[in-house]
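Quick mapping for you: the protein sequence lines, in order, are chains A and B. Under the working numbering, the final residue of the first sequence carries the number 300; numbering is consecutive throughout. Under the working numbering, the final residue of the second sequence carries the number 300; numbering is consecutive throughout.
There are 2 protein chains.
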Amino acid sequence: MATQAAEPRAPLSRERVLLAAVSLADSEGLGAATMRRIAEALDAEAMSLYYYVANKDDLFDGIVDLLMAEINAVVDRDEATGRDWKQAMRRRILSAREILLRHPWAPKVLESRTTMRPAVVIYHDRLVGLMRSGGFSNDLAHHALHALGSRALGFSQELFDPNGAAAGADDRMLADLAEQVPNLAGMLAEVAHDDPDSTLGWCDDQSEFEFSLDLILDGLDRLRQGAATS
Amino acid sequence: MATQAAEPRAPLSRERVLLAAVSLADSEGLGAATMRRIAEALDAEAMSLYYYVANKDDLFDGIVDLLMAEINAVVDRDEATGRDWKQAMRRRILSAREILLRHPWAPKVLESRTTMRPAVVIYHDRLVGLMRSGGFSNDLAHHALHALGSRALGFSQELFDPNGAAAGADDRMLADLAEQVPNLAGMLAEVAHDDPDSTLGWCDDQSEFEFSLDLILDGLDRLRQGAATS
DNA sequence: ACCTGAACACCGTTCAAGT
DNA sequence: ACCTGAACACCGTTCAAGT
Chain A
71 MATQAAEPRA PLSRERVLLA AVSLADSEGL GAATMRRIAE ALDAEAMSLY YYVANKDDLF
131 DGIVDLLMAE INAVVDRDEA TGRDWKQAMR RRILSAREIL LRHPWAPKVL ESRTTMRPAV
191 VIYHDRLVGL MRSGGFSNDL AHHALHALGS RALGFSQELF DPNGAAAGAD DRMLADLAEQ
251 VPNLAGMLAE VAHDDPDSTL GWCDDQSEFE FSLDLILDGL DRLRQGAATS
Chain B
71 MATQAAEPRA PLSRERVLLA AVSLADSEGL GAATMRRIAE ALDAEAMSLY YYVANKDDLF
131 DGIVDLLMAE INAVVDRDEA TGRDWKQAMR RRILSAREIL LRHPWAPKVL ESRTTMRPAV
191 VIYHDRLVGL MRSGGFSNDL AHHALHALGS RALGFSQELF DPNGAAAGAD DRMLADLAEQ
251 VPNLAGMLAE VAHDDPDSTL GWCDDQSEFE FSLDLILDGL DRLRQGAATS
């Protein structure tokens with residue numbers, strides 16, 4: 071009775087550390103995923119994490135691996151079909167996007183990686199395989215990866231957010247702005263951007279994402295056909 | 071002789087603070103632009119900066135304003151011409167890119183802004199104006215902004231860097247990777263990506279950027295014509 | 001092998017105080 | 001009006017020490 075049995079706690083592991091970080095980022099944003107907060111969620115001390123991750127960069131690498139494993143699993147399942155390259159590519163990219171939409175921090179983390187994550191390489195390798203089987207030259211497949219950029223993984227950085235533009239602006243400011251940017255003001259008035267739930271935090275609605283993706287895929291298809299003809 | 075005249079120092083100002091921050095980011099990277107380091111460069115204390123910027127976010131806002139003012143100045147000069155929308159748009163975007171290439175930190179800072187910077191809005195307004203004068207409907211111009219995304223400002227986030235892939239990898243690792251990603255390995259072997267100076271730090275070479283930009287502009291042009299016909 | 005306490009060098013930021 | 005010293009709450013990370 072003098073020695074009280076300590077609460078037994080599940081032992082740490084690299085996976086538990088990574089999952090705790092993901093969980094924190096999901097619920098409170100990427101900024102909440104600090105070593106100290108992650109450790110706290112695991113009922114441990116910050117220094118303990120360093121037994122499982124080399125440093126913060128390694129932690130984010132691990133998170134990317136987790137994310138990409140999920141995406142690649144979907145792609146592999148799709149692999150069976152893959153006759154029409156354009157439809158298959160579209161399907162894969164939109165599947166990847168669905169997963170990203172559940173993790174708003176994903177684009178920022180993916181972009182922050184300077185090292186080459188094997189799972190990311192594998193994802194793109196499968197895209198190239200799909201294009202090659204669809205009649206792409208290696209050269210065009212290479213151009214295609216560049217043209218898609220981050221869109222290949224299901225997101226695109228938007229610098230312009232008509233939905234968020236009005237946030238915190240009163241009528242006077244909006245009127246002033248309309249004078250200074252008549253083209254945009256007219257455009258937005260006509261387009262009536264009434265799709266309020268853009269889940270990635272940018273004005274990057276599903277339909278706009280698909281419009282842009284199709285524009286690129288169609289352009290690539292034309293180039294592919296042109297090369298085959300000539 | 072007892073009281074030694076203190077070295078007179080140029081008084082601070084918001085502009086001097088912003089310029090010092092830009093200078094630090096240019097030379098030592100964005101991470102070097104801390105309040106303490108900026109103040110040090112100005113021969114002042116970190117707390118003095120708060121007289122000219124509300125906080126770090128406000129500082130980055132100011133930097134974006136500086137950058138965009140430079141870009142908009144170029145665009146305004148171009149405004150005189152602007153007959154063929156496609157050529158004018160291409161020229162503007164590549165001009166913006168030239169300026170961004172001198173500031174490797176610019177994409178990250180631009181993406182980090184959540185608030186709407188007027189100068190960024192104005193830049194896009196002029197793009198819309200150009201498209202409208204070129205026969206775009208408001209709806210297509212709106213799609214176009216989404217399709218271009220960050221490319222409208224002259225950069226695109228690349229998640230895939232064939233040049234950097236080999237960094238820190240020995241032959242054994244590369245051989246293993248080639249087995250796991252045969253499509254990519256074959257593609258890269260054929261394309262022979264021997265353009266070593268990608269200035270933005272991604273595999274985002276000028277020619278690849280232009281290829282993607284033209285792919286999108288051509289696609290938009292076709293849609294514009296299609297709409298005009300129907 | 002696994003975890004931690006104490007400590008270090010950094011952050012951004014506040015606030016009362018100096019000139 | 002302009003600038004600063006001292007202090008606070010937070011980082012990531014190291015290292016020697018505990019079990």
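Don't be surprised by glycine CBs; every beta carbon is placed ideally from N, CA and C.
Let me see if you follow: with CB-CB separation under 9 Å, is residue i close to chain B or not?
i: Gly-289 (chain A); result: yes
i: Leu-247 (chain A); result: yes
i: Glu-174 (chain A); result: Looking at the sequence provided, one finds Pro at residue 174 (chain A) rather than Glu. Chain B contact via Cβ: absent.
i: Pro-188 (chain A); result: yes
i: Met-257 (chain A); result: yes
i: Arg-167 (chain A); result: no
i: Gly-132 (chain A); result: no
i: Arg-106 (chain A); result: no
i: Ala-114 (chain A); result: no
i: Gln-250 (chain A); result: yes
i: Asp-209 (chain A); result: yes
i: Asn-253 (chain A); result: yes
i: Asp-274 (chain A); result: yes
Out of curiosity, what's the CA-to-CA distance linking residue i and residue j?
i: Gly-296 (chain A); j: Leu-100 (chain A); result: 45 Å
i: Arg-84 (chain A); j: Ala-217 (chain A); result: 36 Å
i: Ala-102 (chain B); j: Leu-180 (chain B); result: 17 Å
i: Ala-259 (chain B); j: Arg-162 (chain A); result: 25 Å
i: Gly-238 (chain B); j: Pro-81 (chain B); result: Because Gly-238 (chain B) sits at a pLDDT of 49, beneath the cut-off of 50, its placement in the model cannot be relied upon, and the point is left open.
i: Ala-90 (chain B); j: Leu-119 (chain B); result: 11 Å
i: Gly-256 (chain B); j: Asn-208 (chain A); result: 8 Å
i: Gly-204 (chain B); j: Trp-155 (chain B); result: 5 Å
i: Ala-116 (chain A); j: Ala-114 (chain B); result: 35 Å
i: Pro-177 (chain B); j: Ala-158 (chain A); result: 31 Å
i: Gly-144 (chain B); j: Leu-164 (chain B); result: Looking at the sequence shown, residue 144 (chain B) is not Gly but Val. In a straight line, the C-alpha of Val-144 (chain B) is about 11 Å away from that of Leu-164 (chain B).
i: Ala-166 (chain B); j: Val-87 (chain A); result: 42 Å
i: Arg-302 (chain B); j: Leu-293 (chain A); result: Given that chain B is displayed from residue 71 to residue 300, the structure contains no residue 302 (chain B) and the question cannot be resolved.
i: Tyr-193 (chain B); j: Asp-274 (chain B); result: 23 Å
i: Leu-283 (chain A); j: Tyr-121 (chain B); result: 46 Å
i: Arg-147 (chain A); j: Leu-287 (chain A); result: 22 Å
i: Glu-140 (chain B); j: Ala-248 (chain B); result: 44 Å
i: Asp-127 (chain B); j: Arg-106 (chain B); result: 15 Å
i: Ser-199 (chain B); j: Ala-262 (chain A); result: Checking the sequence, you will find Gly at residue 199 (chain B) rather than Ser. Between Gly-199 (chain B) and Ala-262 (chain A), the C-alpha separation is close to 18 Å.
i: Ala-298 (chain A); j: Glu-278 (chain B); result: 21 Å
i: Asp-291 (chain B); j: Ala-111 (chain B); result: 49 Å
i: Gly-219 (chain B); j: Arg-79 (chain B); result: 44 Å
i: Phe-206 (chain B); j: Glu-228 (chain A); result: 21 Å
i: Gly-289 (chain A); j: Asp-246 (chain A); result: 39 Å
i: Leu-104 (chain B); j: Ala-124 (chain B); result: With the sequence shown as reference, residue 104 (chain B) is identified as Thr, and Leu is not the correct amino acid for it. Whole-angstrom Cα-Cα distance: 14 Å.
i: Arg-202 (chain A); j: Met-201 (chain B); result: 35 Å
So the candidates are the options; which of them puts its Cα closest to the Cα of residue i?
i: His-173 (chain B); options: B:Pro-81, B:Tyr-193, B:Ala-95 and B:Arg-107; result: B:Ala-95
i: Arg-160 (chain B); options: B:Ala-298, B:Leu-285, B:Leu-89 and B:Arg-292; result: B:Leu-285
i: Val-251 (chain A); options: B:Leu-210, B:Leu-290 and B:Ala-189; result: B:Ala-189
i: Leu-254 (chain A); options: B:Arg-86, B:Ala-214 and B:Leu-290; result: B:Ala-214
i: Gln-276 (chain A); options: A:Arg-221, A:Leu-290, A:Asp-246 and A:Arg-292; result: A:Arg-221
i: Met-186 (chain A); options: A:Ser-97, A:Arg-106, A:Met-138 and A:Met-117; result: A:Met-138
i: Ile-169 (chain B); options: B:Leu-197, B:Leu-200 and B:Val-134; result: B:Val-134
i: Leu-197 (chain B); options: B:Arg-183, B:Leu-223 and B:Lys-178; result: B:Leu-223
i: Phe-281 (chain B); options: A:Gly-199, A:Asn-142, A:Ala-211 and A:Ala-166; result: A:Ala-211
i: Phe-130 (chain A); options: A:Ile-108, A:Phe-206 and A:Asp-288; result: A:Ile-108
i: Asn-142 (chain A); options: A:Thr-184, A:Val-191 and A:Glu-110; result: A:Val-191
i: Glu-98 (chain B); options: B:Glu-228, B:Asp-127, B:Leu-136 and B:Trp-175; result: B:Trp-175
i: Leu-171 (chain B); options: B:Phe-225, B:Gly-132, B:Asn-125 and B:Arg-79; result: B:Phe-225
i: Val-92 (chain B); options: B:Asp-246, B:Arg-202, B:Leu-136 and B:Ala-124; result: B:Leu-136
For the alpha helix (DSSP H) holding residue i, just list the boundary residues, first then last.
i: Pro-188 (chain A); result: 188 to 203
i: Asn-208 (chain B); result: 208 to 218
i: Asn-253 (chain B); result: 252 to 261
i: Ala-80 (chain B); result: Here Ala-80 (chain B) belongs to no alpha helix (DSSP H), and DSSP marks it neither H nor E.
i: Glu-110 (chain B); result: 105 to 111
i: Trp-155 (chain B); result: 155 to 171
i: Ser-182 (chain A); result: 176 to 182
Does residue i have its Cβ less than 9 Å from a Cβ in chain A?
i: Phe-281 (chain B); result: yes
i: Asn-125 (chain B); result: no
i: Asp-195 (chain B); result: yes
i: Gly-99 (chain B); result: no
i: Val-87 (chain B); result: no
i: Val-179 (chain B); result: no
For a test of your reading of the model: does the CB of residue i fall under 8 Å from any non-hydrogen atom of the ligand FMN? Yes or no.
i: Gly-296 (chain B); result: You won't find the ligand FMN in this model; it holds no ligand whatsoever.
Margin query: Restricting to runs no shorter than 3 residues, where is the beta strand (DSSP E) found entirely within the region 114 to 156 of chain A?
Written below: none
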